[in-house]
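This report refers to the structure that appears directly beneath it.
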Amino acid sequence: MVLNEQKLPLRLIRADILGSGSASIVFAIGERIALKAPIIYKANIQLTDQQIEQSTDSIASLAREKEGIFMPQMSCTVHYWMQDDPESIPAPLRLRWVKELASAAEHLEIHGLVHGGIRPTNTLLDNNMHIRLADFDSCVSSGEDCLAFTVPYHDAFEERASHTTEQFAIGSFMYAVFTGVEPEF
1 MVLNEQKLPL RLIRADILGS GSASIVFAIG ERIALKAPII YKANIQLTDQ
51 QIEQSTDSIA SLAREKEGIF MPQMSCTVHY WMQDDPESIP APLRLRWVKE
101 LASAAEHLEI HGLVHGGIRP TNTLLDNNMH IRLADFDSCV SSGEDCLAFT
151 VPYHDAFEER ASHTTEQFAI GSFMYAVFTG VEPEF
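Right, here's the structure in full:
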């Protein structure tokens with residue numbers, strides 16, 4: 001399969017796609033491994049060096065891994081799991097998910113980082129129903145602007161990433177997990 005104008009080293013087909021987002025496509029490589037390959041967009045206009053330096057989006061895309069990363073294949077996302085029958089998920093399991101997510105955010109905070117994309121679609125479930133926080137494309141240092149903030153998981157009036165923006169996202173995640181619907185703002 002050709003991706004990003006490069007032939008991938010593995011024999012991947014569309015049926016191998018587990019999911020995709022605005023920045024990458026995730027492929028199944030066998031039963032236990034996934035490959036997250038970035039989508040590389042080509043601009044229709046030429047940018048000067050000065051324009052590139054001024055654009056954080058451009059700088060971030062230049063620094064992105066071009067071939068992809070291999071990772072363990074997870075069962076699904078919390079969002080996907082909740083679509084089927086949110087009522088069937090026991091309250092203790094939901095509470096464990098919130099604790100695990102808060103622990104992941106705390107770990108990032110210790111290192112001065114903010115995930116910037118905490119929501120059910122970015123939380124993976126392993127075979128034991130434990131959470132794995134994923135999709136670090138929008139991760140920034142605390143105090144920096146985060147262009148990836150999305151309502152209802154972030155305050156629409158807050159652009160700077162901090163522990164309070166992560167707490168807001170975790171609160172919105174809790175609401176979604178315990179009610180089965182996303183919060184409305």
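When we follow full-length UniProt numbering, the leftmost residue of the sequence shown carries the number 1, and every step to the right adds one.
Idealized CB from N, CA, C, for every residue including glycine.
Treat the numbers as computed from the prediction; the structure is a model and nothing was measured.
Around the beta-carbon of Gly117, 16 or more other beta-carbon atoms lie within 10 Å, marking it buried. When the five nearest sequence neighbours on each side are left out, the beta carbons in the same chain lying within less than 7 Å of the beta carbon of Ser24 are those of Lys36, Ala37, Pro38, Ile39, in order along the chain.
Rounded to the nearest whole angstrom, the C-alpha separation of Phe27 and Thr77 is 15 Å. Beyond the five residues adjoining it in sequence on each side, Leu93 comes within less than 8 Å, by CB distance, of Met129 in the same chain, given in chain order. In the DSSP assignment, the residues bridged to Gly19 are Val26.
By DSSP's assignment, Cys146 forms no beta bridge with any residue. Pro38 sits in a strand when the DSSP states are folded into three classes.
In this structure, Glu166 sits away from Ile131, with a CB-CB distance that is not shorter than 8 Å. For Ile118, the secondary structure class from DSSP, reduced to helix, strand or coil, is coil.
Proximity to Glu31 across Ala176, Met74, Gly68, Val98 peaks at Met74, based on C-alpha coordinates.
CA-CA distance, Phe185 to Val151, rounds to 7 Å. Just measuring C-alpha positions, the residue of Ala161, Asp135, Ala102 sitting nearest Leu147 is Ala161. For Pro120, the CB contacts under 6 Å within the same chain, skipping 5 residues up- and downstream, are Val78, His79, Ala176 in chain order. Phe70: not part of any alpha helix (DSSP H); member of the beta strand (DSSP E) spanning 69-72, first to last residue.
Around Met82, the same chain offers Ile89, Pro120, Ala176, Val177, Gly180 as residues with beta carbons nearer than 8 Å, after the five sequence neighbours per side are excluded.
DSSP places Ile131 in the uninterrupted beta strand (DSSP E) bounded by 131-133. Exclusion of the five residues before and after Glu158 leaves Thr165 as the residues of its chain whose Cβ lies within less than 6 Å of its Cβ. Distance from the CA of Gly19 to the CA of Ala105, rounded to the nearest whole angstrom, comes to 23 Å.
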